[in-house]
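Take a look at the structure set out below.
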Amino acid sequence: MKTMTCKQLGGACNMEFSANTFEEMAELSKSHGIVMFQKGDAPHLKAMKEMQDLMQSPNGMQNWFENKRKEFASLPDNTL
Ligand SMILES: [Zn+2]
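The numbering of the sequence shown is the working numbering, which starts it at 7 and goes up by one.
Quick look at the structure:
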């Protein structure tokens with residue numbers, strides 16, 4: 007398992023997510039984002055707006071995803 011925070015994944019808080027794959031991690035972050043969005047949490051809404059801006063550029067989202075995937079890959083595996 008690897009651990010990343012909401013902030014590391016483009017969010018706004020220090021909540022930690024643990025997953026075995028980056029896809030799993032992205033899903034956890036996404037579900038958390040939806041909950042925060044429904045709560046109307048201002049810092050998360052701001053972070054989401056920034057993500058939406060990023061998606062406006064042709065390769066913005068793809069590049070972001072690739073960077074995060076590399077970041078995930080470079081993290082130490084904490085399954086002990
Ligand atoms: Zn968060």
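We put the beta carbon where it would ideally sit given N, CA and C, even for glycine.
Assuming residue i and residue j form a contact by the criterion Cβ under 8 Å, report the distance between their Cβ atoms to the nearest whole angstrom.
i, j, result
"alanine 25", "lysine 8", "7 Å"
Residue i by DSSP, collapsed to three states: which one?
i, result
"alanine 32", "helix"
"methionine 10", "strand"
"serine 24", "strand"
"serine 37", "helix"
"proline 82", "coil"
"aspartate 59", "helix"
Quick one: is residue i buried, meaning 16 or more other Cβ sit within 10 Å of its Cβ, or exposed?
i, result
"glycine 43", "Contrary to the premise, residue 43 reads as phenylalanine rather than glycine in this sequence. Under this definition phenylalanine 43 is an exposed residue."
"methionine 61", "exposed"
"glycine 39", "buried"
If I measure Cβ to Cβ from residue i and keep anything under 8 Å in the same chain, skipping five residues before and after, which residues do I get?
i, result
"glutamate 56", "Gly16"
List in chain order the residues whose CB is within less than 6 Å of at least one heavy atom of ligand 1. Those satisfying the condition are, in chain order, Cys12, Gly17, Ala18, Cys19, Met21, His38, Met42, His50.
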